[in-house]
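Per UniProt numbering, the sequence shown runs over residues 1 to 146.
See below for the structure under consideration.
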Amino acid sequence: MVRVDQSSFVLIDVQGKLATLMFERQRLVENLQILLKGARILNLPILWLEQYPKGLGPTVPEVAEILDGLDPISKTTFSACGEQRFLDALSATGRRQTIVAGIESHVCVYQTTRDLLADDMEVEVITDAVSSRTEANYRLGLGRMA
């Protein structure tokens with residue numbers, strides 16, 4: 001069971017033009033907005049990731065505006081766990097449960113989730129707040145994380 005006092009929120013790579021190509025993009029963005037607003041109300045630590053922002057661009061404005069006052073963690077690996085700044089920030093929360101959302105479900109979300117689980121973290125992937133460019137890849141990612 002997810003406990004507020006034990007959870008952090010990890011937002012993965014909802015950036016630039018790539019985000020506009022996601023399967024059910026509108027659903028994704030609306031659900032991310034709801035989740036992030038809730039995370040802020042509950043004072044969950046939010047770890048905000050961007051994959052190579054120089055190339056992919058910044059987080060989409062309708063999501064970034066909810067993250068006001070936070071700084072994204074840049075990464076160049078598919079798994080957030082390949083970025084030491086992320087690992088340090090996650091460790092600093094002192095929390096062992098992680099709520100995960102973002103894109104793409106079959107690549108960065110999947111690899112991050114796999115690595116968090118390997119580190120004995122409890123992980124909850126929010127299925128209606130992750131996506132990929134195609135429905136097939138979205139479902140593939142969910143299947144791998146099941």
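The C-beta atom is built at its ideal place from N, Cα and C for all residues, glycine as well.
Just verifying my parser: in three-state terms, what is the DSSP assignment at residue i?
i, result
"alanine 146", "coil"
Beta-carbon within less than 7 Å of residue i's beta-carbon, same chain only, minus the 5 sequence neighbours each way: which residues are those?
i, result
"alanine 39", "Phe9, Ile46"
"threonine 93", "Ser8, Pro45"
"aspartate 120", "none"
"phenylalanine 23", "Ser131, Ser132, Arg133, Thr134, Glu135, Tyr138"
"phenylalanine 78", "Val107, Cys108, Gln111"
"leucine 87", "Cys81"
To the nearest angstrom, how far is the alpha carbon of residue i from that of residue j?
i, j, result
"alanine 101", "serine 131", "9 Å"
"leucine 140", "alanine 146", "10 Å"
"residue 149", "valine 125", "Outside the shown range of the chain, which is 1 to 146, sits residue 149, and nothing can be said about it."
"alanine 80", "alanine 118", "13 Å"
"arginine 95", "leucine 42", "14 Å"
"arginine 25", "alanine 19", "7 Å"
"arginine 6", "serine 91", "Here residue 6 is glutamine; the residue named in the question, arginine, does not match the sequence. So the alpha carbons of these two residues sit roughly 12 Å apart."
"glutamate 122", "isoleucine 103", "19 Å"
"leucine 21", "methionine 1", "33 Å"
Suppose the cutoff is 8 Å on Cβ atoms and the five residues either side in sequence are ignored; what does the same chain contact list for residue i look like?
i, result
"glutamate 50", "Asp13, Gln15, Leu56, Pro58, Thr59, Pro72, Ile73, Ser74, Lys75"
"leucine 35", "Phe9, Ile99, Ala101, Ile126, Ala129"
- prompt: At what residue ranges does the UniProt domain "Isochorismatase-like" (9-146) contain a whole run of the beta strand (DSSP E), taking only runs of 3 or more?
  reply: The beta strand (DSSP E) runs lying completely inside the UniProt domain "Isochorismatase-like" (9-146) and spanning 3 residues or more are 46-51, 73-75, 97-103, 122-131, given in chain order.
query: Do the segment 64-75 and the segment 114-121 meet, that is, are 3 or more Cβ pairs less than 8 Å apart?
result: Not touching, per the Cβ criterion.
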